[in-house]
Structure formats: structure tokens, C-alpha cells
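Reminder that position 32 of the sequence shown reads as 42 in the working numbering, one-by-one numbering, no gaps. Where is the CB? At the ideal position from N, CA and C, for every residue including glycine.
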Amino acid sequence: MKEAILALEDGFILRGKAVGSLKPALGEVCFNTAMTGYEEVLTDPSYKGQIVAMTYPQIGNYGINEEDQESLRPQVNGFVMRELSPMVSNWRSRLSLEEYLLKNDIAAIEQVDTRALTKHLRTRGALRGVITSEKLSDVAASDLAKSFSYEGVDFVKEVTTKQTYFWDEKGEKSSAWPFPQSSLEPLRYRVVAYDFGMKHNILRCLRRSGFQVKVVPANTSANEVLRDNPDGIFLSNGPGDPAALTYAHRNIRDLIGKKPMFGICLGHQIISYALGGKTFKLKFGHRGANQPVKDLRTGKIAITSQNHGFAVATDSLPSEVEVTQVNLNDNTCEGLAHRTLNLFSVQYHPEASPGPSDASYLFQEFAKRIESSQK
11 MKEAILALED GFILRGKAVG SLKPALGEVC FNTAMTGYEE VLTDPSYKGQ
61 IVAMTYPQIG NYGINEEDQE SLRPQVNGFV MRELSPMVSN WRSRLSLEEY
111 LLKNDIAAIE QVDTRALTKH LRTRGALRGV ITSEKLSDVA ASDLAKSFSY
161 EGVDFVKEVT TKQTYFWDEK GEKSSAWPFP QSSLEPLRYR VVAYDFGMKH
211 NILRCLRRSG FQVKVVPANT SANEVLRDNP DGIFLSNGPG DPAALTYAHR
261 NIRDLIGKKP MFGICLGHQI ISYALGGKTF KLKFGHRGAN QPVKDLRTGK
311 IAITSQNHGF AVATDSLPSE VEVTQVNLND NTCEGLAHRT LNLFSVQYHP
361 EASPGPSDAS YLFQEFAKRI ESSQK
């Protein structure tokens, strides 16, 4: 196995072993605290533009299968592990993690001190980095990391669907899916879902809640959506800096108040911009499957799955917008609702995958809001 380094823009260097592609991988370096779910992390489009370090020490134990992936391909720019498991033990596995990374031309590094990396990022904040096995000096590698741009870049255009389609679940009912399939609810409501980097499990949750889901590209105009006369409008998760998506702010602004609306993660941030708010960059982001969120209306606590590097600035929101939920670790905004219009959003991932399902009720909440709008 070839030697490789992970170099950060501030000169922090970790040495290890190359895994997967040998091409250099540039990106913003972040960490994920989930103990399982590396397949979902690798294929989450919200990670476009990022090099992801897993804090759990051994990764790859159960291999790779198609059913647990959140998009059609890996989306991360690079991947960092303490130890790549030398064994794969799962009857559903079709490839080892190393084979999967190589097949998809994703550069990774193992045998590095991911605890030291995580502590460094928690102290310094998110930093640009590079994984490379090329013969570069430490200074040259750090300079290469500085050449990457993340803030202000539109990564959504790289991950959104290129054409409109209707979602169904036939791909989930494969012979490799080991769990009993509950009968799906009948289709009751038609929704248009903006794909800013949609995870598959969001689509599954919508369908299981009785929605017929029409998925549209991120730049779809408000007029085109309204011509369909849907019962509701959904805004998905996605990667990068929400401030860069001015076309999305404009389109969603033109849709607010016309139909019931629900947004998740980047969709939540886009709604905030459309309402006149702004976002700010978190020091090192929230990425993992154990983030505590408090609902300010009920006092209930949910443990949530999260993946975001920006947060809504609550002091930028107009008075008609209510902050409904907050993160108990840092008190940042985790949920919004309009006081008079049929609109709500959350910063976290109620569809989990990986993570707990404490907040899965939100899909039914969307259905209830649509039903009440039709009375």
C-alpha cells in the first residue's frame, strides 16, 4: 500500500496509507461522529466539495451494498479513516470499501490519527486540505490545499438532477433488502420536490407518508412548479454555501405562500434567504447522528442526524418568522415556521440514514399541513 499524506492549509500534516484512487483529492476537511453509516456518508450529496474524516476508529467492517446508499455514486471529494477494516462481514455486502473507492476513483487515506485531526478542526475550525500520494514537500502540499475554494461556490449544480422524474420505491424492494416491507400508504398528495442534493431516504419517507413525489432540478422556476398545481412543495438537503444560490432564493421567494412548504437542511437555509434572512458559517459544522435538538413549543428533545456547515442567523429573520427548534450544544437555529403562512423547515435530517428516527414525524406533519390547507 502506497504512502500518502493529509495536508491542511495551516501546515497541519498527517501521514498514512493511500486507499482507493491515487489522484490528489482537494476539499474542505470536516469530521463525522457517527459510529455506523459510512456508506450513507460517502453517498450523501451534501458532502460534495468536502473531505470527510470518520471519528469512529474502524471503518469498512460491513462492506458496501447498493440498498444503503443515499445517491447513485459517492459524493465526497476524499475520505479519511483511522483504520480500514481488513475484513468484510455482512451477507449483503457486494464490494469491500477499498474496492468501492477504487471503482469510483475516490482518494482516501487510512492509518492516520483521526482523533488528533478532529481536535485540530474543533480548535481551528473547518480548513481546506488535500490527500495526496505524490512526492510533495509539506509546504507544497499545504499550498496546494489553499488552492481549493468552498465558500461562495455553487456545488448544488453538480449534484442536482438534470431532468424531472417521479420517485418510486421499486429499487428498494430488491432481493438483497433483508427487512420486511410494510405496505405503502395510498397516494394522497402530489408534491414537487426541489433537488438541491436529495438523499434517497428523504424520497422514501415522503412516499411512505402518502406523497406522490415529482423531483425537479434545483433551478426550476416558480412558474413551472405552479403550472403543475401541486398540493405542496418540498425543498431538499444539499451541499455548500446557501448564500451562493441566488436563483434558488428567488424561485422559493416567488413560491412562499402559494402552497404548503417544507424544507430540510439546505432547503431550510434557502427558505430563510427567501424570507429575508441570512446564514453564517459554523466553526466546524454539525455532522453526526447524535445531535440534541429542543422543540421550543413543546419542550421535547429529539436526537437527530445532522450534516451542515452553515446555520441560519436568527437575528436576521423578520418578525413574522418563528424559531421553533434549537441545537442544545450551541443554541443555533434548528427549525423555523412562519406565523401566518403554511411553511416550516428544519436544519437537521428527520429521515436519518444514518441516525435515529426521533424526528420522522415531520413528514406526517407536512401531510397534515397540506390536508388542513385543502379544507
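Cβ-Cβ distances below 6 Å link P364 to A44, T46, G47, E50, A299 in the same chain, with the five nearest sequence neighbours on each side left out; the list follows chain order. Comparing alpha carbon positions, the residue from C40, Y72, M91 closest to G26 is M91. Distance from the CA atom of K113 to the CA atom of K288, rounded to whole angstroms, is 40 Å. Listed as beta-bridge partners of F206 by DSSP are no residues whatsoever. For D123, the closest C-alpha among the options V149, T65, K167, A150 is that of T65. By the Cβ rule, the segment 340 to 351 counts as touching the segment 263 to 282, because three or more pairs are nearer than 8 Å. Using a Cβ distance threshold of 8 Å, G88 and A118 count as a contacting pair.
For T46, no alpha helix (DSSP H) encloses it, and the DSSP letter there is neither H nor E. Secondary structure note for V29: its beta strand (DSSP E) is the uninterrupted segment 23 to 30. Distance from the CA atom of S326 to the CA atom of N337, rounded to whole angstroms, is 18 Å.
As for any beta strand (DSSP E) of minimum length 3 sitting wholly inside the segment 91 to 156, the runs are 117 to 120, 137 to 142, ordered along the chain. G37 and Q121 have their C-alpha atoms roughly 20 Å apart. Y199 has F221 as its beta-bridge partners, per DSSP. Each residue's CA atom was taken as its position, placing N75 and T53 some 12 Å apart. If the five residues before and after R263 are omitted, its C-beta is found closer than 7 Å to the C-beta atoms of A284, all from its own chain and listed in chain order. Taking 8 Å as the upper bound for CB-CB distance, G207 and S56 are in contact here, some 6 Å apart. The segment 141 to 150 makes no contact with the segment 104 to 113: fewer than 3 CB pairs, one atom from each, lie closer than 8 Å.
DSSP places L265 inside the alpha helix (DSSP H), whose first and last residues are 256 to 265. Proximity of the segment 223 to 232 to the segment 192 to 202 meets the contact definition, three or more beta-carbon pairs being nearer than 8 Å. According to DSSP, residue pairing for S315 in a beta bridge involves H359. When Q384, V62, L197 are compared, the shortest CA-CA separation from R138 is found for V62. Secondary structure of C275 (DSSP, three-state): coil. When the Cα atoms are used, S159 and M11 turn out to be separated by approximately 30 Å.
Under the three-state reduction of DSSP output, L36 falls in the strand class.
In the DSSP annotation of this structure, the continuous segment of the beta strand (DSSP E) that includes Q301 starts and ends at 289 to 305. Nearest neighbour of V303 by Cα position, chosen from D20, H296, T314, turns out to be T314. For N337, the enclosing beta strand (DSSP E) begins and ends at 331 to 337. At a Cβ-Cβ threshold of 8 Å, Q357 and H278 count as neighbours.
Annotation: V163 is outside any alpha helix (DSSP H) and is labelled neither H nor E by DSSP. About 15 Å separates the beta carbon of N247 from that of Q301, a gap too long to meet the 8 Å contact definition. With 16 or more other Cβ atoms inside 10 Å of its own Cβ, N42 counts as buried.
Non-local beta-carbon contacts of D368 in its own chain, meaning distances under 7 Å to residues more than five positions away in sequence, involve A312, I313, T314 in chain order. Excluding its 5 nearest sequence neighbours in each direction, K268 has C-beta neighbours in its own chain below 7 Å: L236, listed in chain order.
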